[in-house]
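*Asks:* First the structure, which I've put down as structure tokens, then a few questions once you've had a look.
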Amino acid sequence: MNRDFFQSGIKLYRAKRYKNALEEFLQVKKDPSEDVDLSYYLGLCYANLEQYEDALVYLEQVVTLHTDLLMIYQCRLLLSYIYTITRRFKLAEFELDELIKAGFESPQVYSILSYSLYAQNNTDRSLEYLDKALEMEPENPNLLNSKGYINADKERDIEEALAYCKKAVRIKNDHPAYLDSLGWAYYKTGRYEEARVYLKRAYSLASGNKTIAGHLKAVMDAEKKSSGEEAL
247 MNRDFFQSGI
257 KLYRAKRYKN
267 ALEEFLQVKK
277 DPSEDVDLSY
287 YLGLCYANLE
297 QYEDALVYLE
307 QVVTLHTDLL
317 MIYQCRLLLS
327 YIYTITRRFK
337 LAEFELDELI
347 KAGFESPQVY
357 SILSYSLYAQ
367 NNTDRSLEYL
377 DKALEMEPEN
387 PNLLNSKGYI
397 NADKERDIEE
407 ALAYCKKAVR
417 IKNDHPAYLD
427 SLGWAYYKTG
437 RYEEARVYLK
447 RAYSLASGNK
457 TIAGHLKAVM
467 DAEKKSSGEE
477 AL
């Protein structure tokens, strides 16, 4: 292996310069199928660049051929995430089940499994796995936000949902997804003014986000409707 390109790629990857790192790794004069460490970094670069189909090729090689258990764990977890966001839920659940069987139970595993089930409208099981994740990391803002958002979106115990969302925002008050969830929870309670404040903050941090824009529009439409009814 040409170690210069490989080591240069690793340095760039660690600096989060994924495109530059990928260019270095692609210059290594060796077949990635014969070098699982090269496959590992190629897979991670492609995943971070959201070139998911390319990432899958290399991550699957690592899972099949590598002997490092932590690398296998990381790649299975990433595979499950990619399969979930590309709506290949059975493949995602297979990877997650393999991790659980191997004893790699973690908040991340349960969180992705929860997301996969929620995307398939299996809300009860989704919340079960989210609760398992929260038992392991009760102060994890991402988990708190997910719990609050799901309960709010499905209109299950809205006040509890609001409490979870508030806690996530207290921990990280500049995260657009958390602000969006809190605004949406306020909307579901009928508190449109508070909803609008948080959703506008969320959108200012993530302008162009279609989900946040949709939530903000729903709130503004509800406010207009409410104002019209009051005028009558």
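The sequence shown begins at 247 in the working numbering and counts up by one.
Built from N, CA and C at the ideal position, the CB exists for glycine as well.
#1: Just to confirm the assignment: which complete alpha helix (DSSP H) runs, minimum length 4, are found wholly within the segment 366-410?
#2: Helix, strand or coil: how does DSSP classify Val274 here?
#3: Run the proximity test for Pro384: is its beta-carbon closer than 8 Å to any non-hydrogen atom belonging to the ligand ZN?
#4: Alpha carbon to alpha carbon, what distance is there between Leu323 and Tyr361?
#5: Say whether chain C places a C-beta atom closer than 9 Å to the C-beta of Val308.
#6: Alpha carbon to alpha carbon, how far is Gln273 from Thr310?
#7: Decide if Thr313 is buried, meaning its Cβ has at least 16 other Cβ atoms within 10 Å, or exposed.
#8: Take Glu280 as the anchor and find which of Gln307, Tyr298, Val415 and Gln297 has the nearest alpha-carbon.
#9: Nearest by alpha-carbon distance to Phe350: which of Gly255, Gln320 and Gly454 is it?
#10: Rounded to whole angstroms, how far is the Cβ of Leu268 from the Cβ of Leu295, which I believe are closer than 8 Å?
#11: Rank Leu316, Arg442 and Leu288 by C-alpha distance to the C-alpha of Ile458 and give the top, closest one.
#12: So Glu341 packs on Tyr329, CB below 8 Å; how close in whole Å?
#13: Excluding the 5 residues preceding and the 5 following Asp343 in the sequence, name in chain order all residues of the same chain whose CB lies nearer than 7 Å to its CB.
#14: Please list, in chain order, all residues of the same chain as Leu425 whose beta carbon is under 6 Å from its beta carbon, the five residues on each side excluded.
#15: Using only the alpha-carbon positions, how far apart do Glu469 and Lys418 sit?
#16: Nearest-angstrom Cα distance between Met247 and Gln253?
#17: Whose C-beta lies closer than 6 Å to the C-beta of Asp467 among residues of the same chain, with five residues either side of it excluded?
#18: Check each candidate in Leu337, Leu290 and Asp250 and name the one with the smallest Cα separation from Lys265.
*Replies:* Based on what the coordinates show:
#1: 369-382 and 387-399
#2: coil
#3: The model on display carries no ligand, and the ligand ZN is accordingly not part of it.
#4: 13 Å
#5: Protein chain content of the structure displayed is limited to a single chain, and chain C is not contained in it.
#6: 24 Å
#7: exposed
#8: Gln307
#9: Gln320
#10: 7 Å
#11: Arg442
#12: 7 Å
#13: none
#14: Tyr444, Arg447 and Ala448
#15: 28 Å
#16: Unreliable placement is indicated for Met247, whose pLDDT of 47 sits below 50; no coordinate value is reported for it.
#17: none
#18: Leu290
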